[in-house]
Structures are given as C-alpha cells and as structure tokens.
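Each residue of the sequence shown is one higher than the one before, counting from 1 in my numbering.
Note that CB positions come from ideal geometry on N, CA and C, so glycine has one too.
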Amino acid sequence: MLIAQITDSHIKAKGKLAYQKVDTEKNLRRCVDHVRKLEPLPDIVLFTGDLTDFGRPEEYALFRQLLAPLEMPVYVIPGNHDTREGLRQAFTDHHYLPDQGTYINYTVEHYPLRLIGLDTTVPGRPEGNLCAERLSWLDRQLQLEPDKPTVLFMHHPPIKTGIEHMDVQNCGNGEALGDLLSKHRQVFQILCGHVHRPIHQQWRGVTVTIAPSASHYVALDLKKGSPADFNLEPPTVQLHQWRNDNSLISHLSFIGSFDGPHPFFDADGNLID
Numbered sequence: 001m002l003i004a005q006i007t008d009s010h011i012k013a014k015g016k017l018a019y020q021k022v023d024t025e026k027n028l029r030r031c032v033d034h035v036r037k038l039e040p041l042p043d044i045v046l047f048t049g050d051l052t053d054f055g056r057p058e059e060y061a062l063f064r065q066l067l068a069p070l071e072m073p074v075y076v077i078p079g080n081h082d083t084r085e086g087l088r089q090a091f092t093d094h095h096y097l098p099d100q101g102t103y104i105n106y107t108v109e110h111y112p113l114r115l116i117g118l119d120t121t122v123p124g125r126p127e128g129n130l131c132a133e134r135l136s137w138l139d140r141q142l143q144l145e146p147d148k149p150t151v152l153f154m155h156h157p158p159i160k161t162g163i164e165h166m167d168v169q170n171c172g173n174g175e176a177l178g179d180l181l182s183k184h185r186q187v188f189q190i191l192c193g194h195v196h197r198p199i200h201q202q203w204r205g206v207t208v209t210i211a212p213s214a215s216h217y218v219a220l221d222l223k224k225g226s227p228a229d230f231n232l233e234p235p236t237v238q239l240h241q242w243r244n245d246n247s248l249i250s251h252l253s254f255i256g257s258f259d260g261p262h263p264f265f266d267a268d269g270n271l272i273d
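Below is the structure:
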C-alpha cells in the first residue's frame, strides 16, 4: 500500500499570493500533477490540514478544482488555517467525513493499514489541542481494532521541533495522547503537517513524522528567539509505503526539474570512474 501525504497547501482565492509572495495555486497544481505521474500510483492521498489559507468558500472551491485530476481516494482533515464548516461544505461528497458533532474525526478502513484522522484544531487559534472528548473518541476507536496496524494522521504534531515560534503552537495535551497510545500498541506512527518542514522523532514508543509543505517551508532556524520566517524551498510530497513485513517506510519526493537520473555503472557493469 502506498500513501501520498500532501500538507499545508494554503490555497488563496484565484490569482492571490499567500503572504503576497507564494503562488500556492501553482505549487499545489504541480503537486497533484507529480502524484498522478508516480509509478506505482499511490493507493490514497492524505491532506493533513491547512488546505486553504483563511477557510473562505472561494479558497475551498479552488482547492477542489485543483484536486479534481486525482483519481485515487482522497482524505482530508482540517488545520488551523481551515474552518470546520467550510471544509464540510466543500466536501459534502466525501462521505467519510462526519456530518454531525463538533470535530472532524474519522477512521479509514478496508486497507491493510488502518488510518485514523484526528481534528486537532482550535477555532481562531494557531495552536492545536486534543481535548478529553477527542481523546475519548480515539480511545473507543482503538479498542475496536486492537490487533490491526494503525496510523494516526493529524495537523498539529504532539512534539517540539526546536523551531521556537512553531513549538508554541504545536498540539496541546500531547502527553495525554502519549499516555493513551501506551495502552494501544497497534499505533506505531503519527503523520502530521503544520511545521512546513520534514521532521521525524521517536516519541513515547511511536514514530512522529512531520511532512514538509506542498508550498513554502518554515525557515530552519533553531536559535532561541528566531523570527517567524519562511523560505521558497521546493514543494514536496511525502510517500509512505506499507510493506509486507508490517513496516512503514517514508520518502520525500521533491517537485521540480532536476538533472538526472544518471547511471552509476557503465555498459559492462563497472562502477564509473
């Protein structure tokens, strides 16, 4: 099973640039085209939040238009730049989304790997949270399939990354999530977005993987008091391959025109000197 993860596309209204600098429409179009040309094709695509920049109807309309060429199933969860109501209205045909209740939490079944989407958003706030109600829901879902390998996907990571201005807006109540997962050992990985950088950490017995943005990157600045800046690094899709030995391997797939591929060996099978 091959999963393509796209995150933090920050789509604006047609013709508008994010932060008056970033052509997020062009970048997401390139990401979608890139995914469609992958061999093998991904079985599903996960969008882990911040689909839009302000959660406006015209932004979701453009996002749906850009998404249309994808032929495989697509699963979306909100980020802090989205709105729950806007996302629900834009994806009424995505029947996995709950049409009742406050939070957009759901499970993805019928694959070798069980996937659980978690809504970490707090309306009007950049930081995330997993409150008691959301954790209770997750606990119940995990009790239903204790023996099936499971991956969680959510926008805000429960870890600190060393990028100070992002760490103050990570997922609150992360330790309570870790305590819960200690009772459910079938969960072995958490896929996140939000930080706009590729980051991995082994946390509470689970691998946390943060995918980089489909558009712009948060500057890698680990100094205390570093400013909230971004760079125009290459848009990226993260690929996760579920293997027959019950392991998940993750790869970064950069989007752009790069020189290559070039052979290591000549026609006689000798390493080129």
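* Can you name, in chain order, every residue of its own chain whose Cβ lies under 7 Å from the Cβ of HIS206, other than the five neighbours on each side? -> Looking up residue 206 in the sequence shown gives position 206. Contrary to the premise, residue 206 reads as Val rather than His in this sequence. Closer than 7 Å at the Cβ level, and outside the excluded window around VAL206, lie LEU181, VAL187, PHE188, GLN189, ILE190.
* Asked: Can you list the beta strand (DSSP E) stretches of 3 or more residues lying completely in the stretch 102–172, in chain order?
  -> Entirely contained in the stretch 102–172, the beta strand (DSSP E) runs reaching 3 residues are, in chain order, 106–108, 114–118, 150–154.
* Return the CA-CA distance between MET72 and GLY225, expressed in angstroms with no decimal places. => On the sequence shown, position 72 is the one that residue 72 refers to. On the sequence shown, position 225 is the one that residue 225 refers to. The C-alpha of GLY225 is placed about 43 Å away from the C-alpha of MET72.
* Give the C-beta separation of HIS10 and HIS81 to the nearest angstrom, bearing in mind that I take them to be a contact with Cβ-Cβ under 8 Å. => Locating residue 10 in the sequence shown gives position 10, counting from the first residue. Locating residue 81 in the sequence shown gives position 81, counting from the first residue. Right, the Cβ-Cβ distance comes to about 6 Å (below 8 Å), so this counts as a contact.
* Taking the Cβ atom as the reference point for each residue, do PRO235 and HIS155 lie within a distance shorter than 8 Å? -> For the purposes of this step, residue 235 is taken as the residue at position 235 of the sequence shown. For the purposes of this step, residue 155 is taken as the residue at position 155 of the sequence shown. The Cβ-Cβ distance between PRO235 and HIS155 does not fall below 8 Å.
* What is the DSSP secondary structure of VAL45, reduced to helix, strand or coil? -> Against the sequence shown, residue 45 aligns to sequence position 45. Three-state DSSP puts VAL45 in a strand.
* Got a sec, what are the start and stop residues for the alpha helix (DSSP H) LEU67 sits in? -> One-based indexing of the sequence shown puts residue 67 at position 67. Element bounds for LEU67: 57–67.
* To do: Give the C-beta separation of GLY101 and HIS194 to the nearest angstrom, bearing in mind that I take them to be a contact with Cβ-Cβ under 8 Å.
  => The residue labelled residue 101 in the question sits at position 101 within the sequence shown. The residue labelled residue 194 in the question sits at position 194 within the sequence shown. Between GLY101 and HIS194 the beta-carbon gap is near 23 Å, outside 8 Å, which marks them as no contact.
* Asked: How is VAL195 classed by DSSP in three states: helix, strand or coil?
  -> Residue numbering aside, residue 195 sits at position 195 when the sequence shown is read from its first letter. Here VAL195 sits in coil by DSSP.
* **Cβ neighbours of ASP33 in the same chain (closer than 8 Å, five flanking residues each side left out)** => Working through the sequence shown from its first residue, we reach residue 33 at position 33. Annotation for ASP33: PRO69 place their beta carbon closer than 8 Å to its own, counting only its chain and skipping 5 residues before and after.
* Asked: From LEU177, ILE210, HIS240, LYS16, pick the residue whose C-alpha is nearest to that of VAL45; which is it?
  -> On the sequence shown, position 45 is the one that residue 45 refers to. When each option's Cα is compared against that of VAL45, the closest is HIS240.
* Asked: Considering only residues of the stretch 173–230, which uninterrupted alpha helix (DSSP H) runs meet the minimum length of 4 residues and lie entirely inside it, listed in chain order?
  -> 174–181, all fully within the stretch 173–230.
* Quick one: does ASP50 have its CB under 8 Å from some CB of chain D? -> The chain labelled as chain D is not found in the depicted structure, where only one protein chain is given.
* How is the beta strand (DSSP E) around LEU239 delimited, first residue to last? -> Here residue 239 corresponds to residue number 239 of the sequence shown, with the count starting at 1. In this chain, the beta strand (DSSP E) harbouring LEU239 covers 236–242.
* **Endpoints, beta strand (DSSP E) assigned at LEU252** => Sequence index remark: in the sequence shown, residue 252 carries index 252 (1-based). First-last of the beta strand (DSSP E) with LEU252: 248–254.
* By Cβ distance below 6 Å, which residues in the same chain neighbour ASP229 in space, the five residues on each side in sequence not counted? -> Taking the sequence shown and counting its residues from 1, one reaches residue 229 at position 229. The answer, listed in chain order, is ALA219.
* Pairwise C-alpha distance: LEU118 and PHE54 -> Position 54 of the sequence shown, counted from the start, is the residue given in the question as residue 54. Position 118 of the sequence shown, counted from the start, is the residue given in the question as residue 118. Their backbone Cα atoms lie some 20 Å apart in a straight line.
* To do: Leaving aside the five residues before and after LEU177 along the sequence, list all residues of the same chain whose C-beta is less than 6 Å from its C-beta, in chain order.
  => Along the sequence shown, read from residue 1 onward, the residue named residue 177 stands at position 177. Hits under 6 Å: LEU130, PRO158.
* To do: With a 10 Å radius around its C-beta and 16 neighbouring C-beta atoms as the bar for buried, classify THR7 as buried or exposed.
  => Mapped onto the sequence shown, residue 7 falls at position 7. With a threshold of 16 other beta carbon atoms within 10 Å, THR7 meets it and is buried.
* Secondary structure of THR7, DSSP reduced to three states -> One-based indexing of the sequence shown puts residue 7 at position 7. It is coil, neither helix nor strand.
* Three-state class that DSSP yields for LEU87 in the structure shown -> In the sequence shown, the residue the question calls residue 87 occupies position 87. Three-state DSSP puts LEU87 in a helix.
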